[in-house]
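Residue numbers (my numbering): 3 to 159.
So the structure is just underneath, and the comments pick up after that.
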């Protein structure tokens, strides 16, 4: 009888232990997923969905041996304060979102687009020399000009 009771206790302990281990593994997996989500939130601009300054600074601080050579484009929206003052911050936000999309659409998948500051956008062009960077910058500028011309007749909403 003593051995039967001891066996039942041992089996019960093993069952409870496996339940706890399973729960610990599930919580660990959930924690890893939540940490990944928080990490993404910490590196993404909420308004535009672009990388933020923190994300880009981490990249810039990596040794060149890890990143390879790259070129940088820095863009600033002229008279952005005037847009906010004239049409309101909601309209200014729409402008930022639209411009962010234009930048995303006109760079390669390997490039990194970042909202550097309020109305500043920084692009890192991976494995890209000066001449190619100038071509990409011109492509972006033309796309922005085309979008501005197309929307010039539209009234702000």
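Ideal placement from N, C-alpha and C gives every residue a C-beta, glycine not left out.
Quick check: the Cα distance between residue i and residue j, rounded to an integer number of angstroms?
i	j	result
residue 72	residue 16	56 Å
residue 65	residue 59	12 Å
residue 189	residue 142	In this structure the chain extends from 3 to 159, so residue 189 is not present and cannot be described.
residue 145	residue 33	42 Å
residue 117	residue 62	14 Å
residue 68	residue 128	12 Å
With DSSP as the reference, identify every bridge partner of residue i, one or two as the case may be.
i	result
residue 29	Answer by DSSP bridge pairing: none, since residue 29 is not bridged.
residue 56	Answer is none; residue 56 lacks a bridge partner.
residue 18	In the DSSP output, where bridge partners are listed per residue, residue 18 has none listed.
residue 73	127
residue 107	Bridge partners of residue 107: none, in fact.
Which whole-angstrom value is the C-beta distance of residue i and residue j, which I expect to be below 8 Å?
i	j	result
residue 99	residue 50	6 Å
Looking at C-alpha atoms only, which residue of the options is the closest neighbour of residue i?
i	options	result
residue 126	147, 19, 119, 112	112
residue 74	81, 19, 122, 10	122
residue 70	130, 4, 139	130
residue 55	6, 31, 119	119
How would you label residue i, buried or exposed, when you count the other beta carbons within 10 angstroms and need 16 or more for buried?
i	result
residue 44	exposed
residue 104	buried
residue 5	exposed
residue 158	With a pLDDT of only 48 at residue 158, under the threshold of 50, the placement of this residue in the model should not be trusted; the figure read from the coordinates follows. Exposed, by the Cβ-count rule.
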